[in-house]
Amino acid sequence: MRCIIGSMSIDQQYIENFLDDFQKKHAGEPEFVQAVEELVSSLGDVLEERPDLRDARILERITEPERIIQFKVTWVDDNGVPQVNRGYRVQFSSVLGPYKGGLRFHPTVNLSVLQFLGFEQIFKNSLTGLMLGGAKGGADFDPKNKSDGEVMRFCQAFMIELSNHIGPDTDIPAGDIGVGAREIGYMFGMYKKLVNEFHGSLTGKGLDWGGSNLRPEATGYGLLYFVEAMLEHAGQDIKGKTVVISGSGNVAQYAAIKATEMGAKVLTLSDSAGYIYDADGFSLEELKYVQEIKNVRRGRIKEYLQKDPDAEYYEGQKPWSVKADIYLPCATQNEIDKADAETIAANHPLVVAEGANMPTTPEGLEVFKQAEVLFAPAKASNAGGVAVSGLEMAQNSMRTSWSLEEVDERLKSIMRDIHAQCVKAGKTDDTVDYMKGANTAGFLKVAEAMLSQGVI
Ligand code: NDP
1 MRCIIGSMSI DQQYIENFLD DFQKKHAGEP EFVQAVEELV SSLGDVLEER
51 PDLRDARILE RITEPERIIQ FKVTWVDDNG VPQVNRGYRV QFSSVLGPYK
101 GGLRFHPTVN LSVLQFLGFE QIFKNSLTGL MLGGAKGGAD FDPKNKSDGE
151 VMRFCQAFMI ELSNHIGPDT DIPAGDIGVG AREIGYMFGM YKKLVNEFHG
201 SLTGKGLDWG GSNLRPEATG YGLLYFVEAM LEHAGQDIKG KTVVISGSGN
251 VAQYAAIKAT EMGAKVLTLS DSAGYIYDAD GFSLEELKYV QEIKNVRRGR
301 IKEYLQKDPD AEYYEGQKPW SVKADIYLPC ATQNEIDKAD AETIAANHPL
351 VVAEGANMPT TPEGLEVFKQ AEVLFAPAKA SNAGGVAVSG LEMAQNSMRT
401 SWSLEEVDER LKSIMRDIHA QCVKAGKTDD TVDYMKGANT AGFLKVAEAM
451 LSQGVI
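Those letters in the sequence shown? Residues 1 to 456, by this note's numbering.
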């Protein structure tokens with residue numbers, strides 16, 4: 001029976017006390033606090049049904065990273081000037097498997113951002129059903145406007161230290177913002193030289209040297225498989241729907257390609273300088289051009305106007321005012337604030353699904369909740385990337401390579417399974433609370449494993 005003290009149940013009181021303590025302890029780490037609040041605020045019902053989880057202090061234990069590694073990265077730029085950056089790896093939880101999560105190279109990288117990302121990763125990885133723990137790492141290095149040689153020297157210097165802490169059964173990093181195929185290649189080369197072994201200690205490797213089919217595409221494709229499942233569950237079809245996407249990096253590119261292949265019309269792409277609006281929708285050929293701009297020339301999304309002068313470019317703006325059926329934030333954290341969410345909600349979208357990690361602020365989430373927008377949180381909808389990373393690890397340890405079709409089938413099946421877990425744990429009378437579903441299902445698996453493994 002639920003015990004009520006005043007107007008608050010014991011579990012609500014416990015959650016409030018926990019969050020109070022957590023906020024005090026992490027006062028200078030807003031992103032980490034935001035991620036923990038987002039998860040914990042969904043867990044009232046679980047903690048009511050399972051007082052044993054409260055008694056075992058699962059929340060207190062799972063919010064403390066198992067290990068944080070911070071190190072100096074020194075390298076020499078093209079002018080012969082020594083440069084210094086900070087490198088990190090947050091090994092958050094190894095409860096469900098070896099530490100797994102991306103590396104981010106961006107000037108905004110700090111321990112608050114990496115703890116938020118590592119924390120999210122634990123529950124995302126749990127939802128995939130694969131044997132993966134949670135981690136995140138990176139550096140405050142900005143690859144923008146650096147020569148290839150500078151990026152290589154930085155990656156090598158970063159790996160000299162990181163190599164002491166990773167391995168195929170310990171910790172297997174992947175890419176994230178600022179870390180794509182080029183950076184993974186440079187880091188893998190250095191790692192291999194240092195340990196004198198060729199094994200799968202990084203994912204996102206090139207196809208000819210241990211990579212998996214479909215890893216570059218996986219996060220964006222997986223996002224669309226998830227959206228397709230949400231629409232189906234709501235009695236809708238993705239064909240003919242309009243889509244607004246932010247970002248133009250890895251996740252955004254492949255989300256746009258898969259949406260277009262599914263018969264939807266992608267109206268926008270963006271970067272940190274502004275957004276492009278193409279009223280006709282980007283064709284697959286035009287999306288190839290976007291990939292050339294971003295991945296080969298390492299240019300700006302504005303350059304798309306050279307290909308399609310009829311498209312419109314909005315400097316310094318986000319794409320959320322464009323009316324569409326589906327909104328996919330695929331750039332970075334907190335890119336949808338309260339006002340943005342109000343703008344999106346006023347357009348009565350069918351679905352908002354997060355491609356980026358935590359792109360919606362708490363105030364934005366509240367707006368979506370009040371407006372009853374069908375909303376998919378990142379830990380469910382963008383799990384396709386880490387899922388195929390998990391498949392890359394499996395192929396590496398079996399020394400085999402699965403076909404594109406085989407990996408695609410497995411990815412689809414994992415995303416549909418995550419969708420089913422969300423529906424099961426998040427079903428309400430007339431709709432699905434995907435946030436509650438993802439948080440509850442992801443958390444419970446980790447919590448059960450922690451109970452089984454004892455206090456360590
Ligand atoms: P990329 O580096 O390939 O692309 C990032 C994109 O976001 C670029 O278009 C970039 O624009 C834009 N961006 C970055 N910072 C900002 C900002 N402050 N304001 C506006 N736009 C910004 O990264 P990914 O596509 O790999 O990652 C995008 C998001 O998806 C991140 O949140 C990441 O954590 C998440 N994610 C990625 C996965 C993957 O497999 N890669 C897996 C799961 C989640 P610009 O070029 O101007 O910086």
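Just so it is clear, CB atoms sit at the ideal spot from N, CA and C, and this is done for glycine as well.
Taking all protein chains in view, the Cβ of residue 429 is surrounded by fewer than 16 other Cβ atoms within 10 Å, so the residue is classified as exposed. Only buried fits residue 421, as 16 or more other CB atoms lie within 10 angstroms of its CB. Leaving aside the five residues that flank residue 362 on each side, the residues in its chain whose CB is nearer than 8 angstroms to its CB run, in chain order, 34, 37, 38. Residue 234 is classed as exposed because its beta carbon has fewer than 16 other beta carbons within 10 Å across all chains shown. Put simply, of 376, 202, 357 the residue whose alpha carbon is nearest the alpha carbon of residue 397 is 202. Residue 311 places its beta carbon less than 9 angstroms from that of residue 278.
Residue 18 sits buried, since 16 or more C-beta atoms from the chains shown fall within 10 Å of its C-beta. The criterion of a C-beta distance shorter than 9 angstroms is not satisfied by residue 284 and residue 245. Per DSSP, the unbroken alpha helix (DSSP H) holding residue 153 starts and ends at 148-162. Residue pairing for residue 275: DSSP places it in a beta bridge opposite 270, 314. A straight-line Cα-Cα distance of about 32 angstroms links residue 192 and residue 446.
By the CB criterion at 9 angstroms, residue 95 and residue 133 fall inside the cutoff. In the three-state reduction of the DSSP assignment, residue 243 falls in the strand class, which pools E and B. In this structure, the ligand NDP has no non-hydrogen atom nearer than 8 angstroms to the beta-carbon of residue 290. Under the DSSP assignment, residue 304 falls outside any beta strand (DSSP E); it carries neither an H nor an E label. Pairwise C-beta distances place the stretch 439-456 in contact with the stretch 117-128, as three or more of them are shorter than 8 angstroms. Not one heavy atom of the ligand NDP lies closer than 8 angstroms to the C-beta of residue 349. Taking 8 angstroms as the cut-off, one finds no heavy atom of the ligand NDP near enough to the beta carbon of residue 173. Note on residue 104: 16 or more other CB atoms within 10 angstroms of its CB, so buried under the neighbour-count rule. Beyond the five residues adjoining it in sequence on each side, residue 248 comes within less than 7 angstroms, by CB distance, of 269, 270, 271, 290, 294, 301 in the same chain, given in chain order. The residues 447, 450, in chain order, have a CB closer than 7 angstroms to that of residue 58 in the same chain once the five nearest residues on each side in sequence are set aside.
When distances are taken from the beta-carbon of residue 251 to the heavy atoms of the ligand NDP, the shortest one is below 8 angstroms. If you look at residue 226, you'll find it in the alpha helix (DSSP H) that goes 218-233.
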